[in-house]
Every structure is written in structure tokens, then in C-alpha cells.
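Using the numbering used here, you'd call the opening residue of the sequence shown number 95 and step up by one each time.
Quick reminder that beta carbons are idealized off the backbone N, C-alpha and C, glycines included.
For reference, the structure is listed below as C-alpha cells.
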Amino acid sequence: MGTPREAVFQSNQNKDFLRSAYDAGHVKGWFGRAGRPLKYLGLPAWEMLDIIAWEPFLSRFTTIEREENQQHLMFLQANVQDVEHRLYSLYGEFDSILLSGRDAYGYGPDWPYDLINLDYFGGFIYSNLTRPKAIRKLISNQAAYSQGFLLIITQHLRDCDTIGAKATFLDDLRRSLKNVSTDPTVHVSIDTVLNWYSDSATPDSFRQALYMNVFLRDVGEVEHFDVKCRPAVLYAGTGNSSMIHFVTEFVFRPGLGHKPASNQSLIDIVNFSLLELCDGSFAPPIQHPIIPKPI
Ligand SMILES: C[S@@+](CC[C@H](N)C(=O)[O-])C[C@H]1O[C@@H](n2cnc3c(N)ncnc32)[C@H](O)[C@@H]1O
């Protein structure tokens with residue numbers, strides 16, 4: 095899928111903080127849990143700032159890049175950083191590489207991975223649904239190897255509509271939440287919160303955050319992962335464009351015929367606030383109505 099070309103990526107204070115403090119903490123935690131260096135798949139751009147920041151926790155890296163000049167500079171950077179021997183590079187659109195299993199030159203990812211950093215241009219939902227299909231395929235490829243992983247996704251904040259694939263999302267979610275309890279007071283609070291999410295006055299970022307997290311949880315559970323989502327992080331990226339960032343753990347549960355229930359509940363996800371980065375540090379979390387947890 096060819097998404098529109100954005101301005102060339104340029105890091106900034108927010109992105110530097112995310113990569114070197116927030117994400118680095120999660121990568122280090124996942125490394126400690128795995129008990130070995132992590133195999134990385136991602137879109138590092140030519141400077142490979144994420145790979146360089148997390149290098150002590152990484153083993154080999156597979157990179158994906160669709161811009162020829164970035165790809166070329168990446169080889170030079172790998173050489174300068176003396177990590178060339180750990181680099182395996184794929185060329186093309188990441189969605190089509192994940193879906194077809196091949197890049198523009200016929201090479202494929204070296205499944206499975208421990209750490210996947212999809213830091214891309216564009217949103218999540220396009221009319222052909224290629225991107226959700228690609229991420230679904232990625233999760234199922236990991237499951238084929240019974241391999242848990244940490245998934246970091248950064249995308250543009252632009253799936254703000256409530257039409258098309260997302261038109262029924264909030265209604266479906268409302269039904270799923272209500273199916274769990276017959277208590278009328280719980281149903282009232284579910285309605286209050288879901289009405290708030292549906293309200294056009296509610297910032298679109300809340301809907302995109304909820305949609306992504308519920309998508310990752312649903313697809314992960316179908317593939318036998320216990321999924322732990324986190325509140326999304328908003329920040330201004332290259333050219334001041336609004337970006338949204340997700341860090342999600344997928345722990346494989348072997349030996350199951352059925353879909354596991356994640357330790358984290360759907361209510362936890364609905365109740366997430368949003369984290370906002372301003373000038374490289376977190377602003378106080380944005381509050382919203384929540385569903386009280388059953389005692
Ligand atoms: C945001 S930058 C990566 C930044 C890096 N992860 C960091 O922490 O500094 C994204 C890179 O991926 C490339 N890219 C963006 N969308 C892509 C896509 N759909 N397929 C392949 N490459 C893409 C861009 O050309 C750019 O070099």
C-alpha cells in the first residue's frame with residue numbers, strides 16, 4: 095500500500111524522550127524478562143537512533159525502509175556505528191512486506207522477533223484495510239513460533255472519523271462490555287463512558303487510542319497471547335504533526351485450544367487516560383469518566 099510521502103523524518107525533544115527514556119525503560123524491562131538480547135524488527139530510518147539507543151539490549155536487527163536514499167545512508171550509518179554485521183535490511187513498504195512475506199528484492203523477515211518497532215508515516219485505517227491486515231499477519235507470524243514480543247507502534251493521529259471500518263466499533267465495544275455484567279448500575283456507567291467516547295466534543299485522540307488498543311488486544315488473544323496494553327502517548331512529531339504512540343506486551347500462552355483472557359481487562363483499557371508529551375516531558379494525564387471496576 096502506498097501511503098502519502100511525509101516530510102523526511104526529523105527527531106525532536108519529544109521523540110528523543112520517548113525513544114531514550116520511555117521506550118528504553120520498556121525495552122530494558124523486556125530484555126530482563128527474556129533473559130537474553132532481543133531480536134529487533136523495525137523502521138529505524140537512516141540514523142537508526144532507536145537501535146543505537148537500545149543497542150545494549152539488542153542482538154540482531156531487521157530494518158524496513160521504503161526510501162532508497164534512507165536505505166543507502168542506513169548502511170553507511172551501520173558501518174560507522176560498527177553494527178553492520180548485526181544488520182539485515184529489507185526494502186519496501188512495511189505493510190506489503192508483512193503481508194506478502196517478501197520485500198522489493200524478494201527477501202523476507204527472519205521470524206520470530208522479540209521487539210518490533212513500527213514507527214511509520216500515516217494512520218492506521220485506510221479503505222483497503224491493508225495496515226490492520228499487515229499487523230494481524232505480524233501477530234500471527236509471531237504466534238506460529240510461540241514467541242512473545244514487545245510491540246511499539248507510532249502513527250499519525252488521523253483516524254479520527256467514526257465512519258467506515260470504525261463506524262460500529264464503539265457500539266460493538268458497548269455490547270461486549272455489557273455482556274460481562276447484568277448489573278443495571280454497571281450498564282449505566284458503561285453508557286456514560288461510551289457516550290463520552292462517542293461525543294464529537296471528545297478529543298479524537300481518545301477514540302484512536304481506544305481503537306488501537308482494543309484491536310491489538312483482540313488480535314493478540316485470538317493468536318493465544320496474553321496482551322498488556324498501555325495508555326497511548328500523544329506528541330508533536332516531524333513538522334509539528336500529531337503523533338500517537340503505543341507500547342504493548344504480547345506474552346504467548348502455549349497449549350491452549352481456546353482464546354485466552356488477558357490479565358488486563360477491557361475495562362482497564364476503556365479507563366486509560368492519555369499521556370501527552372510537551373517539550374520532552376509528560377503533562378498531567380487528561381482525565382475522563384471511567385467505569386468503576388467490580389469489587
Ligand atoms: C519515523 S522514522 C523512524 C524513526 C526511528 N524509529 C527513531 O526512533 O528515530 C520512519 C522511517 O520509516 C520510513 N517509513 C515510513 N513509513 C513507511 C512505510 N509505510 N514503509 C516503509 N518505510 C516507511 C521512513 O522513510 C522513515 O525513514
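For residue i, which beta-bridge partners are listed by DSSP?
| i | result |
| --- | --- |
| His250 | Met337 |
| Asp213 | Thr248 |
| Phe243 | Phe344 |
| Phe111 | Per DSSP, none; premise fails for Phe111. |
| Ile380 | Leu368 |
| Ser221 | For Ser221, which the question treats as bridged, DSSP gives no partner whatsoever. |
| Ser375 | Cys372 |
Can you find a heavy atom of ligand 1 that lies under 8 Å from the Cβ of residue i?
| i | result |
| --- | --- |
| Phe103 | yes |
| Gln381 | no |
| Asn106 | no |
| Arg154 | no |
| Asn211 | yes |
| Lys109 | yes |
| Glu149 | no |
| Thr248 | yes |
| Arg252 | no |
| Asp320 | no |
| Ala139 | yes |
| Gln241 | no |
| Asp144 | yes |
| Ile219 | no |
| Gly119 | no |
| Gly195 | no |
| Ile158 | yes |
| Phe340 | no |
| Phe169 | no |
| Arg301 | no |
| Gln175 | no |
| Tyr134 | no |
| Tyr214 | yes |
| Phe188 | yes |
| Gln236 | no |
| Thr279 | no |
| Thr332 | yes |
| Gln358 | no |
Would residue i pass as a contact of residue j if the rule is Cβ separation under 9 Å?
| i | j | result |
| --- | --- | --- |
| Arg225 | Phe218 | yes |
| Glu370 | Val327 | yes |
| Leu192 | Leu232 | yes |
| Arg311 | Ser356 | yes |
| Phe103 | Pro131 | no |
| Val308 | Ile363 | yes |
| Asn173 | Thr332 | no |
| Ile385 | Ile284 | yes |
| Leu209 | Tyr305 | no |
| Leu181 | Phe155 | yes |
| Leu58 | Arg301 | What is shown of the chain runs 95 to 389, which leaves residue 58 out entirely. |
| Asn211 | Asp117 | yes |
| Val121 | Trp140 | no |
| Met337 | Leu245 | no |
| Trp205 | Glu343 | no |
Does the beta carbon of residue i sit closer than 9 Å to a beta carbon anywhere in chain B?
| i | result |
| --- | --- |
| Ser275 | Here chain B cannot be found, since the structure has a single protein chain. |
Quiz item: Going along the chain, which unbroken runs of the alpha helix (DSSP H) with 4 or more residues stay wholly within the stretch 120 to 207?
Solution: 143 to 148, 162 to 174, 188 to 194
Self-check item: Ranges of the alpha helix (DSSP H) found wholly within the stretch 291 to 359, counting only runs of at least 4
Solution: 298 to 316
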